[in-house]
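Participant: Quick note on my numbering: the sequence shown kicks off at 15 and runs consecutively.
Don't be surprised by glycine CBs; every beta carbon is placed ideally from N, CA and C.
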Amino acid sequence: MDAPIIFEPLFMERVWGDRRLESLYGKRLPTGATIGESWEIVDRPEAQSVVHDGPLRGLTLHELWAQRRVEIFGDKLAAHPAERFPLLCKLLDCRERLSVQVHPPSSIAASLGGEPKTEMWFIANAAPDAEVFAGLRAGVSREDFEQALLAGQVAEKIHRLPTQTGDAIFIPSGRVHAIGAGNVIVEIQQNSDTTYRVFDWNRAGLDGQPRALHLAESMLSIDFDDHEPSLLDPQGETLAECDFFKVEKWLLEKPRPAREPGTFAIFVCVAGAGACGSANFKAGDFFLVPAAAKNLEIRPVGEGATVLRTTF
């Protein structure tokens, strides 16, 4: 347990995807596929992270959570009620805009047959003129939004924010949103795969047919009091902190302890290169530092090493 745990990524083809995870980060993508998402750390019935190497090689994240929870995740999570590891970490490559969508809040998710999802986006790479859509424009009411839906003009009602590499934004459940073209994003989220599409820019899916919309569920889920949110203003090293996760951005200038006593930490490198134990990492690499790891440090290799550190 004195080494970071590295998992095999799971690549998801998406109509809006591309192949920049290969060119930027050296990911070995399936030949010819337009990959929109790399699920780096996931414990879901339909998708499982598998340990890449070391003494735990071949074990799934679910097996670690169910059978070795204290050893891997720490005493603080020993009594956590979730049957599955409660976080999901991804890389997204958005050649085109994603659908305008919303995730249901916890108060109604179960009644809609879904799961709540609060998430945070870190803009790892932004093309010129890249943007994200989040929340409603000032003054837009539920009635305004419904009329825009009927007229096919939803995008005019959503707040737009230009993005640059290094920006971040918080997306709580209930916030209507979309990722604009040209963004490569690190996404830290609750373990959920429930998305209700409001509008999909009138395009066809991978099968050539329009993708399904979920208008009734969306209208019940959207927070119509959520107007013009801002990009995150970091508080020291902390980018985002909520009931579900805490994400910090570390500029590594010297070795630092990788975790706090009694718990684990998830890292993703977003710039430069570094090392943890005997493992080296570069931009785009994720790894988990187990709670049982003693005196494990994360350290820079060269200048400019920057990581995001996620704890629960």
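Looking at the unbroken beta strand (DSSP E) that takes in residue 84, where does it start and where does it end?
Facilitator: Segment 83 to 87 is the alpha helix (DSSP H) holding residue 84; no beta strand (DSSP E) there.
Participant: Express the C-alpha separation of residue 20 and residue 304 in angstroms, rounding to a whole number.
Facilitator: Taken atom to atom, the span from the alpha-carbon of residue 304 to that of residue 20 is near 11 Å.
Participant: Applying the 10 Å Cβ sphere with the 16-neighbour rule, what's the burial state of residue 93?
Facilitator: exposed
Participant: Can you give me the C-alpha to C-alpha distance between residue 39 and residue 47, rounded to a whole angstrom?
Facilitator: 16 Å
Participant: Can you tell me where the beta strand (DSSP E) holding residue 204 begins and where it ends?
Facilitator: 197 to 204
Participant: At what residues does the alpha helix (DSSP H) containing residue 242 begin and finish?
Facilitator: Residue 242 -> no alpha helix (DSSP H), and no H or E assigned at all.
Participant: Look up residue 313 in the DSSP assignment and give the residues it is bridged to.
Facilitator: 289
Participant: Could you please give me the residues that DSSP links to residue 177 through a beta bridge?
Facilitator: Answer by DSSP bridge pairing: none, since residue 177 is not bridged.
Participant: For the segment 55 to 64 against the segment 15 to 32, are there 3 or more C-beta pairs whose distance is under 8 Å?
Facilitator: yes
Participant: Relative to the C-alpha of residue 357, which candidate in 208, 80, 115 has its C-alpha closest?
Facilitator: Residue coverage of the chain in this structure runs from 15 to 326, which leaves residue 357 outside it and unanswerable.
Participant: May I ask you to list the residues that DSSP assigns as paired with residue 52?
Facilitator: For residue 52, the pairing in a beta bridge is given by DSSP as 25, 105.
Participant: Count the other CB atoms, across all protein chains shown, that sit within 10 Å of the CB of residue 170; report buried if there are 16 or more and exposed otherwise.
Facilitator: exposed
Participant: Along the chain, where does the alpha helix (DSSP H) containing residue 159 start, and where does it finish?
Facilitator: 156 to 165
Participant: Which first and last residues belong to the beta strand (DSSP E) in which residue 233 is found?
Facilitator: Where residue 233 is concerned, there is no enclosing beta strand (DSSP E), although the alpha helix (DSSP H) it sits in stretches over 229 to 235.
Participant: Just to confirm my understanding: we take residue 295, look at its own chain, exclude 5 residues before and 5 after, and list those with CB closer than 6 Å. What are they?
Facilitator: 283, 288
Participant: Let me know the secondary structure DSSP gives residue 168 once reduced to three states.
Facilitator: helix
Participant: Quick check: what's the CA-CA separation for residue 219 versus residue 135?
Facilitator: 24 Å
Participant: In this structure, how does DSSP classify residue 272 when only helix, strand and coil are distinguished?
Facilitator: coil
Participant: For residue 193, which residues of its own chain have a beta-carbon under 6 Å away from its beta-carbon, when the five flanking residues on both sides are left out?
Facilitator: 108, 112, 146
Participant: If you follow the beta strand (DSSP E) that residue 150 is part of, which residue opens it and which one closes it?
Facilitator: 145 to 150
Participant: Rank 91, 98, 70 by C-alpha distance to the C-alpha of residue 76 and give the top, closest one.
Facilitator: Comparing Cα positions, the closest option is 98.
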